[in-house]
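Q: Numbering-wise (full-length UniProt numbering), the sequence shown opens with residue 17 and increments by one. Below are the structure tokens for one structure; questions will follow.
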Amino acid sequence: GQIQRIIAHSYHLKRTSLPWLQPQIRLGNGKISTAKLRMPSQSLFNKSIALLFNKRSTRTRVAAETAALLLGGQTLFLGKDDIQIGVNETVRDSARVIGGMCQGIFARVGAHEEIEELARYSPVPVLNALSSLWHPTQVLADILTLHEHAYLFDSSVPKPDDKNHLYTQRHRDLQPVRPLTITYVGDSANVLHDMLVALPRLGHKVRVACPENDKYRPPQAVWDRVVELGCDKDILLTKDPREAVHGADLVVTDTWISMGQEAEKEQRLKDFQGYQVTEQLCREGGANPDWKFMHCLPRKQQEVDDEVFYGPRSLVFQVSDNRKWTIMAMFDLLFGKWDLMDREREA
Ligand code: CP
Ligand code: NVA
Numbered sequence: 017g018q019i020q021r022i023i024a025h026s027y028h029l030k031r032t033s034l035p036w037l038q039p040q041i042r043l044g045n046g047k048i049s050t051a052k053l054r055m056p057s058q059s060l061f062n063k064s065i066a067l068l069f070n071k072r073s074t075r076t077r078v079a080a081e082t083a084a085l086l087l088g089g090q091t092l093f094l095g096k097d098d099i100q101i102g103v104n105e106t107v108r109d110s111a112r113v114i115g116g117m118c119q120g121i122f123a124r125v126g127a128h129e130e131i132e133e134l135a136r137y138s139p140v141p142v143l144n145a146l147s148s149l150w151h152p153t154q155v156l157a158d159i160l161t162l163h164e165h166a167y168l169f170d171s172s173v174p175k176p177d178d179k180n181h182l183y184t185q186r187h188r189d190l191q192p193v194r195p196l197t198i199t200y201v202g203d204s205a206n207v208l209h210d211m212l213v214a215l216p217r218l219g220h221k222v223r224v225a226c227p228e229n230d231k232y233r234p235p236q237a238v239w240d241r242v243v244e245l246g247c248d249k250d251i252l253l254t255k256d257p258r259e260a261v262h263g264a265d266l267v268v269t270d271t272w273i274s275m276g277q278e279a280e281k282e283q284r285l286k287d288f289q290g291y292q293v294t295e296q297l298c299r300e301g302g303a304n305p306d307w308k309f310m311h312c313l314p315r316k317q318q319e320v321d322d323e324v325f326y327g328p329r330s331l332v333f334q335v336s337d338n339r340k341w342t343i344m345a346m347f348d349l350l351f352g353k354w355d356l357m358d359r360e361r362e363a
């Protein structure tokens, strides 16, 4: 349902915005015609979106700003040192004030409760740009990238740039991805949590290796949601990275030290010894010989070596490019379709 709809919409926006993805049509005389470049929906025309970021960001911020431009809207980047929130003003009052002038809030916060509070008091929709518990726009980019690369996992799916294959509108449509075994090795943080609640619903099995310490495993609030969505039966949790990569089609990891955990660096580096993603780990654990690799970035060498990260298995930059289109889809669906009239109606 909903996830597929967002992914399809993301790809639609990508294809509409990038000239080389325009559908090509074979004309009666045998020539190939490229349909005229279409303009994506201007659903943010005359709208302002607040990017309320109290942590650093490269991808999420650049994606948001460039995507809003294509939708005809404006963004306001409000970093933690720019505005009154948290220092001179409560989250509650800030939510009301910013939401009174903007048509959407994309917020990157520390504790997840902060974004809950923003959403409670904001008169306009609030979208999570990362919190302590969740990073929903990241997993959307992972999923779009899997669809675009479905041929890597399934030889019956035609390769999109196959020169011998006539491009048709139909061929350019996103292909279904066969059910995969997806392994996550590392710290149970925001990025993994959204994988746990999204991937099983798309038919994938998830295998996770985290050290055996409660603080490196999914917190109760996350696990409750996993169970509520019926995803738990498709998830294996182990402390052994070799066991986790068994049969893996895709291996994913994230930093061992998330933003805000810098003081724990020394302890974490010790506790995650043996969790680095390498060719050797995946060979010894019995991953699918064709396994592919993803990482949300930013990346440190400790969690994945250069051979994998910069090697042919890696889809990391395809994923980072796709942050733009999935965030654009969320902006269009959430902020673009919303206007002052809705607020009047809700009041
Ligand atoms: N993956 C991701 O969210 O990156 P940024 O922190 O740079 O936005
Ligand atoms: N888990 C990381 C993700 C960064 C995109 C963090 O929270 O810092």
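Where is the CB? At the ideal position from N, CA and C, for every residue including glycine.
Which class does S57 belong to by DSSP, given the choice of helix, strand or coil?
A: coil
Q: For the 8 Å Cβ check, are there 3 or more pairs between the region 140 to 148 and the region 71 to 86?
A: yes
Q: Classify Y137 as helix, strand or coil using the three-state DSSP reduction.
A: helix
Q: What is the rounded straight-line gap between the Cα of F139 and the Cα of I114?
A: Rather than Phe, the amino acid found at residue 139 in this sequence is Pro. In a straight line, the C-alpha of P139 is about 9 Å away from that of I114.
Q: Following a CB-centred definition, is S73 positioned closer than 7 Å to any heavy atom of the ligand CP?
A: yes
Q: Under the DSSP definition of a beta bridge, which residues are partnered with I251?
A: V222.
Q: Would you call F333 buried or exposed, if buried means 16 or more other Cβ atoms sit within 10 Å of its Cβ?
A: exposed
Q: Given a cut-off of 8 Å, decide if A79 and K340 are closer than it, judged by their beta-carbon atoms.
A: yes
Q: Spatial neighbours of residue 4 within its chain, please: C-beta separation below 6 Å, excluding the five flanking residues on both sides.
A: Nothing can be reported for residue 4: it is not among the residues displayed for the chain, which extend from 17 to 363.
Q: Any heavy atom of the ligand NVA within a distance shorter than 7 Å of the CB on L146?
A: Result yes, Cβ under 7 Å from the ligand NVA.
Q: Where Q20 and A66 are concerned, what is the direct C-alpha to C-alpha distance, given to the nearest angstrom?
A: The alpha-carbon separation between Q20 and A66 amounts to approximately 27 Å.
Q: Secondary structure at E130, three-state DSSP: helix, strand or coil?
A: helix
Q: What do you get for Y27, buried or exposed, if any count of 16 or more other CB atoms within 10 angstroms of its CB means buried?
A: buried
Q: Compare the Cα-Cα distances from F309 to each of F288, S336 and Q289 and report the closest residue.
A: When F288, S336 and Q289 are compared, the shortest CA-CA separation from F309 is found for S336.
Q: Mind checking who M310 pairs with in its DSSP beta bridge?
A: V268
Q: Given W354, which residues of its chain have a CB within under 8 Å of its CB, disregarding the five upstream and five downstream residues?
A: Q119, G120, V140 and P141
Q: In terms of residues, what are the limits of the beta strand (DSSP E) holding F122?
A: G120 to R124
Q: Return the CA-CA distance between V107 and G263, expressed in angstroms with no decimal places.
A: 46 Å
Q: Which first and last residues belong to the alpha helix (DSSP H) in which Y27 is found?
A: Secondary structure note for Y27: its alpha helix (DSSP H) is the uninterrupted segment Q18 to S33.
Q: For H181, which of helix, strand or coil comes out of DSSP?
A: Residue placement at H181 is flagged as unreliable, the pLDDT there being 49, under the threshold of 50; the coordinate-derived value follows with that caveat. If DSSP states are grouped into helix, strand and coil, H181 belongs with coil.
Q: Residue range of the alpha helix (DSSP H) that N144 falls in?
A: No alpha helix (DSSP H) holds N144; the beta strand (DSSP E) holding it covers V142 to N144.
Q: Flag Q277 as yes when its Cβ comes closer than 7 Å to any non-hydrogen atom of the ligand CP, and as no otherwise.
A: no
Q: Can you tell me where the alpha helix (DSSP H) with S336 in it begins and where it stops?
A: V332 to M346
Q: Specify, as a first and last residue, the run of the alpha helix (DSSP H) that G301 falls within.
A: E295 to G301
Q: My output table needs one value for I65: the three-state DSSP class, helix, strand or coil.
A: strand
Q: Closest to R77 by CA distance: which of E278, R258 and I343 is it?
A: I343
Q: What are the residues that DSSP puts in a beta bridge with E105?
A: Its beta-bridge partners are I101.
Q: Please state whether DSSP places Y200 in a helix, a strand or coil.
A: strand
Q: Please say whether P257 and Y291 have beta carbons closer to each other than 8 Å?
A: yes
Q: Could you tell me which residues DSSP puts in a beta bridge with Q154?
A: According to DSSP, Q154 bridges with nothing at all.
Q: Given a threshold of 16 other Cβ atoms within 10 Å of its Cβ, counted over all protein chains shown, does S204 qualify as buried or as exposed?
A: buried
Q: Leaving out the 5 sequence neighbours to the left and right, which residues in its chain are closer than 6 Å to Q110 when beta-carbon positions are compared?
A: Reading off the sequence shown, one finds Ser at residue 110, where the question assumed Gln. Answer for S110: I101, listed in chain order.
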